[in-house]
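Inspection log for the structure reproduced underneath, given as structure tokens.
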Amino acid sequence: MSLPAIKRRYEKKSYRNFNLAIYCPVQNISQIDDFDAFNEKFDAAFGDMKIGRVYLEDFRGFATISKERLLQVKTYFEQKGIDTAGGITTCAANNPEFGFASLCYSSEEGQEMLRQAVKMNAEVFDELIFDDFYFINCRCPKCIEKKGDRTWKEFRLEQKQWVTREIVMKTAKEINPDMNVIVKFPQWYEDFNETGYDLSVDTAMFDSIYTGTETRNPTYAQQHLPKYLSYNTMRLYGSDKKDSNLGGWFDPYECTYNLTSYLEQAYLTLFAKAREATLFCLSSLMEDPQYRLFPGALAKLFEEVDEYLGLLGNPVGAGAYHPSNGRGENNIHSYLGQCGVPMEMTLVYPENSKTVFLAESAAADKDIVAKMKKTLLCGNDVVVTSGFVKALGEAFEEFGHVVYTEKKAFVDSYCTSANHGVNIHGKYAGTRKIIIPQLDYCTNDVWEIAGAYGNDNNFPIVLSWSYGAGVISVITIPDDMGDLYSYPREVLLAIRSLFVKEVGMALDAPAGVQLFVYDNDYLIVRSDLPYEEQISLVVEGEAKGMDSINTRHFLSAAMERQSQGENGKKNGAAIAFAAAPGVNQVYKLNR
Ligand SMILES: [Zn+2]
């Protein structure tokens, strides 16, 4: 189905700026026998929200629903004025000994189960979404035999393409040529290829896609997902197929420790300009006492965010390239997002970005050196991580002698530089002692813009030098990436300043304050710090100040010399204000 046609179907919005949907697992709807009683429960939970669509599932973990019942449920929702679509979750029954299990497509039974599930959906609906179990982690004897000498990654990527083409798309389109078949990707994109997902290949094969924005509990959960990831996945997925990304999807699991953390998933999904937000899932939010407070809070959230979403222009951020076969420095883009660096992640090399950002995953592109050269010769900048330097190895020497060594440094105090590394100054305390890799570099050829002190020694945190008409910089990533948050705000300002050419501004704040920037001078500051903090926004060029959209107050700016600016010349404005925990502070710059 063509994307313009899909776009028309998804144009309808239940709020002014987005549509709201609920995903309904098969177990939640196959048991409804009293629609009046169900209606009462549904309205009690969701009556204060404007629900525009429900996804009604017909298969999950070997559980199914009769076509007759599915049609009854569809009719019930449509009579309430809610659009309906189908859904499938391709997991096997939960096996508590081995974690989540996917269907096995090496067996006839697995293939047939999927075929029947797609068939019923195509007979009943015009849209069908795959929940994010559309991966393969089966290692049964049949799969081992079929894999042969290939790696699991090679075998699964090939098998997944065959399943998508021969079972999913063929079955759906034979029955309903107008079917919009949507794959919802999980949020663990760094590990996709190993389980048969490929962001670019799958996006090309399906009609459209959907985005997992679940970040839950970053510290005390198995997936180590920084909160900013809810924004990054929304921007990244579908970036190689315009208009293909239909929305973002999140759930309440592992969020009861902090209601604000649950709501943050919704905010970041919408800050990233999702057309639709989907709540997972019906029963959890409607009748699980653990999450009883969540729907009421969501209802208020959607009203609040709808007031200013329409004001925001197009998102602006570092052109952060992540090819679909890339892996490494797991979720570094989101750790940096948590450090206040706005990101614009993309599956396609961002050749028009003024600042290109490359982490270890970008080294998977075999043409990366040539692409970087082109960017730098055009006068744009490239910022890379120490992990990228390591992955590129000798090939990085094209740009300068910087080598990732096996030596480590154990550091807790830092310096910066006001004159591009000719002198370093200051002694700024980090929040704890951390381990960083030592980069080998040649003084007087490349320059230390920020560093960490040792004994009669110091180690680079930011290196920077010119190449062609642009500037190339290396950021040292601590061995524990979360220790980026341990860098003092002076060092973080030096890191954020590397991106000013693209973003036009930089936060002067500790880690934990996120910045979302739009191309019409609107911006949002959102603090995940547990305390209120005095921060400032350093703006390139002139600015009188900024208007707070939330409070209607005006914050005035002081003109000042930026740390990276020319000696003595005032070339920037600094606006000081307080960042309150868990609050969206929306501003419009007043130039
Ligand atoms: Zn198998």
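Residue 640 in my numbering is what sits at position 471 of the sequence shown, and the numbering runs on without skipping anything.
C-beta: ideal position from N, C-alpha, C; glycine also.
Because the structure is a prediction, the values reported are computed rather than measured.
Residues in the same chain with beta-carbon distance under 6 Å from residue 508, minus the five sequence neighbours each way, listed in chain order, please. The residues are 653, 661 and 680.
Using only the alpha-carbon positions, how far apart do residue 735 and residue 431 sit? Because residue 735 carries a pLDDT of 46, less than 50, the predicted location of this residue cannot be relied on, and no value is offered for it.
Please classify residue 357: does DSSP put it in a helix, a strand, or coil? For residue 357, the secondary structure class from DSSP, reduced to helix, strand or coil, is coil.
Among 337, 268 and 411, whose alpha-carbon lies nearest the alpha-carbon of residue 391? Of the candidates 337, 268 and 411, 268 places its Cα closest to the Cα of residue 391.
For residue 615 and residue 822, the rounded distance between their alpha carbons: What the structure shows of the chain is the stretch from 170 to 760, and residue 822 is not part of that stretch, so it cannot be assessed.
Only counting the same chain, and skipping five residues up and downstream in sequence, which positions put a Cβ closer than 6 Å to that of residue 733? At residue 733, the pLDDT of 47 sits below 50, so the modelled position is not reliable and the matter cannot be decided from this model.
Can residue 311 be considered in contact with ligand 1, in the sense that its beta carbon sits closer than 7 Å to one or more heavy atoms? Yes, since a heavy atom of ligand 1 falls inside the 7 Å radius drawn around the Cβ of residue 311.
Find the nearest neighbour of residue 575 within the set 393, 559, 566 and 589, judged by alpha-carbon distance. The option with the nearest alpha carbon to residue 575 is 559.
Where does residue 271 sit, in a helix, a strand or coil, going by DSSP? Secondary structure of residue 271 (DSSP, three-state): strand.
Quickly, what does DSSP pair residue 597 with across the bridge? List them, please. Under DSSP, the beta-bridge partners assigned to residue 597 are 583.
Residue from 245, 194, 512 and 337 whose Cα sits closest to the Cα of residue 284: The option with the nearest alpha carbon to residue 284 is 337.
Go through its chain and collect everything with a Cβ distance to residue 541's Cβ below 6 Å, but skip five positions before and after it. A distance below 6 Å between beta-carbons, with the five flanking residues on each side excluded, links residue 541 to the following residues of its chain, in chain order: 551.
Residue 299 by DSSP, collapsed to three states: which one? In the structure shown, residue 299 sits in a strand (DSSP, three-state: E or B).
So, at 7 Å on beta carbons, what are the nonlocal neighbours of residue 479 in its own chain, with the 5 sequence-adjacent residues on each side left out? Counting only Cβ-Cβ distances below 7 Å, and skipping sequence neighbours, we find 185 and 186.
Within the present structure, is the beta-carbon of residue 260 separated from the nearest heavy atom of ligand 1 by less than 7 Å? Incorrect: residue 260 has no Cβ contact closer than 7 Å to ligand 1.
Answer yes or no: do residue 494 and residue 435 have a C-beta to C-beta separation smaller than 8 Å? Going by C-beta atoms, residue 494 is not nearer than 8 Å to residue 435.
For residue 593 versus residue 617, is the C-beta distance shorter than 8 Å? Cβ distance < 8 Å, so residue 593 and residue 617 count as in contact.
Is it buried or exposed, residue 235, if we count other Cβ atoms within 10 angstroms and call 16 or more buried? Exposed is the call here.
In the DSSP assignment, what residue or residues form a beta bridge with residue 229? According to DSSP, residue 229 bridges with 232 and 258.
Please report the Cβ distance between residue 725 and residue 714, rounded to the nearest whole angstrom; I am assuming they are in contact, meaning their Cβ atoms lie under 8 Å. Going by Cβ atoms, the distance from residue 725 to residue 714 rounds to 4 Å, so yes, they are a contact pair.
Specify, as a first and last residue, the run of the alpha helix (DSSP H) that residue 290 falls within. In the DSSP assignment, residue 290 falls within the alpha helix (DSSP H) that extends over 277-293.
Top-ranked residue by Cα proximity to residue 232, from 604, 178 and 199: Per the Cα distances, 199.
Enumerate, from N- to C-terminal direction, the unbroken beta strand (DSSP E) stretches of 3 or more residues contained entirely within the segment 179-225. Runs of beta strand (DSSP E) with 3 or more residues, each lying fully within the segment 179-225, are found at 188-193, listed in chain order.
Cβ of residue 508 within 7 Å of any heavy atom in ligand 1? Answer for residue 508: no, Cβ out of range of ligand 1.
Distance, Cα to Cα, residue 719 vs residue 753? Per the coordinates, the alpha-carbon of residue 719 lies some 8 Å from the alpha-carbon of residue 753.
Assign residue 665 to one of three DSSP states: helix, strand, or coil. Helix at residue 665.
Helix, strand or coil: how does DSSP classify residue 735 here? Bear in mind that a pLDDT of 46 at residue 735, under 50, signals an unreliable position, so the model cannot answer this.
Count the other CB atoms within 10 Å of the CB of residue 331; is the residue buried (16 or more) or exposed (fewer)? Burial state of residue 331 is exposed, judged by a 10 Å Cβ sphere holding fewer than 16 other Cβ atoms.
Looking only at its own chain, which residues have a Cβ that is under 7 Å from the Cβ of residue 301, when we skip the five neighbours before and after it? Hits under 7 Å: 353, 354, 355 and 381.
Tell me whether residue 276, by its Cβ, gets closer than 7 Å to a heavy atom of ligand 1. Placement of the Cβ of residue 276 at a distance of less than 7 Å from at least one heavy atom of ligand 1 is found.
Measuring only from the beta carbon, is residue 450 closer than 7 Å to any heavy atom that is part of ligand 1? Within 7 Å of the C-beta of residue 450 there is not a single heavy atom belonging to ligand 1.
What residues in its chain sit with their C-beta under 7 Å from that of residue 610, if we drop five residues either side in the sequence? Excluding residues within five positions, the ones whose Cβ falls inside 7 Å are 570, 571, 629 and 632.
Using only the alpha-carbon positions, how far apart do residue 467 and residue 347 sit? If you take the alpha carbons of residue 467 and residue 347, they lie about 33 Å apart.
Go through its chain and collect everything with a Cβ distance to residue 297's Cβ below 8 Å, but skip five positions before and after it. Cβ-Cβ distances below 8 Å link residue 297 to 254, 255, 256, 257, 287, 290, 291, 341, 348, 349, 350 and 351 in the same chain, with the five nearest sequence neighbours on each side left out; the list follows chain order.
With DSSP as the reference, label residue 558 as helix, strand or coil. If DSSP states are grouped into helix, strand and coil, residue 558 belongs with the helices.
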